[in-house]
Structures are given as structure tokens and as C-alpha cells.
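Asker: At position 11 of the sequence shown (counting the first as 1) the number is 11 in the numbering used here, and the numbers step up by one without a gap.
Below is the structure I would like to discuss, written out as C-alpha cells.
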Amino acid sequence: MLTPQQQALNLLQKSHNILIALPEGPNGDSLGSALALAATLKKLNKKVEVVCTDSAPDKLKFLDNAGSLKNQLTSLRDFVISIDTSQNKISRLRYETEDRVLKIFLATPQSIQQRDIKLEPGPFYYDLIITLDAPDLESLGAIFNTNSELFFNKPILNIDHTAGNEGFGEVNLIEPIASSCAEIVAGLIESLGQNLINSAVATSLLTGLIVKTHSWQNNRTTPQALNLASRLITQGADQEIIIKNLYKTKPLNCLKLLGRLMGRADFDETKKIIWLLAEPNDFAATATSADDLPFILDEINELFPLFNLSVVLWPDNNNFISLIAQSKKTELLQKLAIEMNGSVKNERLLIKTAEATAQSVKEKLTVLLNSLQ
């Protein structure tokens, strides 16, 4: 019986037009892995397109070909107009576009009946879909929602390193013991052939490793991950440019927001939890938004590595209380998501609730945490 990696290699080798789909909110691991795999497959004369509902974050635009990331499919399938010419020959054909309408003109000795014309969908352009770092198809957002027929009709190679993955692929290359998708993809590339990893591919893969291990500071920092990092640096990975873009270019407005939130942070030393409350005026005063809160969590984790859970609560514009949390214990986030009807995206817990105040959400979450720990 073939292993999942062997099945994945078979799919890659027999496919020609490949779509790599990423979940919303691409991170250094999903995007780095996708760009590395796409570059490798193109060397093997495959046609590859990388798509994601969201654009690449500014801090990841240093990656080679990050600008090639598309937010929609450029070619889904052809539609075929068939005309029965058994009784009536076509002598000339031309077309015009007018007011966003395509008009096709046919010259024929006799009239054409409507029953002689058919419009039929042709085969899908893509013959393989690869998903990276996606726990389920819904996490792909609009890429899946607007093209669900494609996903249900073509084979999917599902690559992930989280145990909570739903296993929705024809081939599921899911390795929970791997540090990252980049580690799994690196193994695939090495199995596809020799000398396929150049400096750009190595840099993309190393970015994924650094992001998922939080710069070698969390429990994903395994000997296998460190050995792979060493090989990638030998193959030309530019660790300096990765660190510079991920960690040394910190937006001033986000640092101002961090300062405001830290001024009223609540530290639970016993349970190792940091609670932060963001008010609308915090965003207004620093020219930031809720989209910048993942940066805040990353900074908090770097500043306070001994704490297990960081939580930010804020009221949104629709009278809901929203919450984003990050933890070293990913299984804890999954449990909280189930209990509070939330979701885990990019290893962060996201919850939106109709509770009246942030304090009431905090109290409810505290009770839940006490029952789970």
C-alpha cells in the first residue's frame, strides 16, 4: 500500500494544470510553502496558479513571486458553443463586443434554428487542486464558495500539519508531528528530484519554518525542523532577509497600539493568561484596526514567552464583542472554539459574541478555561 507521500507524488507527476489554494489570511507557512511548491512544479513543466481570497501581507512580499498570488481563478473552464452544420454550412464567422456583450455573427446560406445551437460547459482547466494549511474547505473562503463545483469534481491533495484537519482530500498528506507545512512540502520537493531547491525556494520554505516555530521558540522546534533549516541555509536560504521582514520592520502605529493596550493589561500570573482590552478610540488614535491585532499577539508572545494564553477583546461596529486569542496549546484553542462557537484561523482563536460587555465575555471564558484545564 502506498504511503500518503507516495500517493501525493503520483498525483503531482500525472497532473499538468495545478491550482494551489490557500486559506484566508495567508501566513508565512502557507504562502511560503505554496510559492516554493509552485516554483518547483514549474521547473517540472507544470502549469501552476496560486490563489487566496486575501492578498499577501506586506511583510511577506519579499518572498520570490509573492506578487503572483491571485485572489480569484483566472481560468476555470471553457464553455463550448456547438452548432449542428449537418444541414447548413457556416461560410464565415466573426465576433464583436459591445456594451460588455459578446456578439457572434455567422454567415450561412440558410437560416439557423435555435435547436441547432448548444452551449455546454467544457472540461475544467485544472486537473489537480492542492490545499495548504487549510483545516477544511470552508477556510478557503470565496475561492471555495464561488468554485465549489471544481473542488467537488477534481482530485484534491490536502497538505497540513494539524491534527484537526478534516481530511477532505483524495490524498491527505497530514503530518501532525511536522513543525509546519513547509517541512512537509520540503520532503515532497526532495522526493520529486535532485537540485530542485534553489535559494528562492529555500528562503520560502525557511520562512514557513520560522513562522510556525515562532523563531525556534515553541514546541514545534523539533530536531527534524532544525535539521531542515540547516539544509535550507546550505541551499541558499536568506535567513537575514526573513528576520528583517518578519520581525525587524515593526509599524510605528502598531507599536503605539501595543503601548496603549499594555497600559491596562491584566496579567493572570497563576494561569499564565494575559488579557487585553481594545477600545474603538485605541484604533482611532493610532490609525490601526482590528486587522492589526495578530501583530499585537505576536509581540505579546515575544515579550512574555512564559505565558500560555494571550487574549484581546474589543467591541466592533455592529454591537458585538469580538475576541482573538493565541496560545502555545493549539488543542486548547480548538476546544474553546467548539464551546464558544468560534473558529481557529492561522492558529488564533476568533470569536464574535452578542454578550453585552467585554467583561462578561472575559468572565464566561474564564469559567470555561477553569473547566478545561
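Even glycine gets a Cβ: it sits at the ideal position worked out from N, Cα and C.
What would DSSP say about Asn317, mapped onto helix, strand or coil?
Answerer: coil
Asker: Could you name each continuous beta strand (DSSP E) segment of 3 residues or more that falls completely within the segment 127-174, going from the start of the chain to the end?
Answerer: For the segment 127-174, the continuous beta strand (DSSP E) assignments of 3+ residues that do not extend past its boundaries occur at 128-132, 156-160, 171-174, in sequence order.
Asker: Mark Arg100 as exposed unless 16 or more other C-beta atoms lie within 10 angstroms of its C-beta, in which case mark it buried.
Answerer: exposed
Asker: In the segment 13-75, which residue ranges form an unbroken beta strand (DSSP E) of at least 3 residues, counting only runs that do not cross its ends?
Answerer: 17-22, 47-52
Asker: Check this for me: beta carbons of Leu333 and Leu349, under 8 Å apart or not?
Answerer: yes
Asker: For Ile143, count neighbouring Cβ atoms within 10 angstroms of its own Cβ and tell me buried if that reaches 16, exposed if not.
Answerer: buried
Asker: Can you tell me which of Asn370, Ser360, Pro4, Leu369 puts its alpha carbon nearest to the alpha carbon of Gly175?
Answerer: Strictly speaking, residue 175 in this sequence is Glu, with Gly absent from that position. The shortest C-alpha separation from Glu175 is found at Pro4.
Asker: In whole angstroms, what is the alpha-carbon distance linking Leu22 and Leu150?
Answerer: 15 Å
Asker: Could you check what DSSP says for Ser343 in three-state terms: helix, strand or coil?
Answerer: Three-state DSSP puts Ser343 in a strand.
Asker: Considering Cα atoms alone, identify which of Lys43, Asn17, Leu306 is closest to Asn219.
Answerer: Closest option to Asn219, Cα to Cα, is Leu306.
Asker: Look at the alpha carbon of Thr162 and the alpha carbon of Ser310, and state the distance between them as a whole number of angstroms.
Answerer: 21 Å
Asker: Identify the continuous alpha helix (DSSP H) that holds Ile242 and give its terminal residues.
Answerer: 239-243
Asker: Can you give me the C-alpha to C-alpha distance between Ile243 and Lys14, rounded to a whole angstrom?
Answerer: 37 Å
Asker: Sort Leu365, Ala182, Phe62 by Cα distance to Leu323 and report the nearest one.
Answerer: Leu365
Asker: If Ala374 sits next to Leu132, beta carbons under 8 Å apart, how far is it from one beta carbon to the other, in whole angstroms?
Answerer: Here the chain covers residues 1 to 373 and nothing more, so residue 374 does not appear.
Asker: How about Lys43 and Leu196: are their beta carbons less than 8 Å apart?
Answerer: yes
Asker: Specify, as a first and last residue, the run of the beta strand (DSSP E) that Asn104 falls within.
Answerer: Position check: residue 104 holds Ile in this sequence, whereas Asn was assumed. 101-107 is the extent of the beta strand (DSSP E) around Ile104.
Asker: What residue range does the beta strand (DSSP E) around Phe79 cover?
Answerer: Run containing Phe79: 77-83, per the beta strand (DSSP E) assignment.
Asker: Just to confirm my understanding: we take Gly236, look at its own chain, exclude 5 residues before and 5 after, and list those with CB closer than 7 Å. What are they?
Answerer: Asn198, Ser199, Ala202
Asker: Using three-state DSSP, classify Thr97 as helix, strand or coil.
Answerer: strand
Asker: Could you pull the start and end residues of the alpha helix (DSSP H) that Leu188 belongs to?
Answerer: Per DSSP, the continuous alpha helix (DSSP H) segment holding Leu188 begins and ends at 181-192.
Asker: Spatial neighbours of Ile81 within its chain, please: C-beta separation below 6 Å, excluding the five flanking residues on both sides.
Answerer: Leu119
Asker: Would you say Ile18 and Leu192 are within 8 Å of each other, going by their C-beta atoms?
Answerer: no
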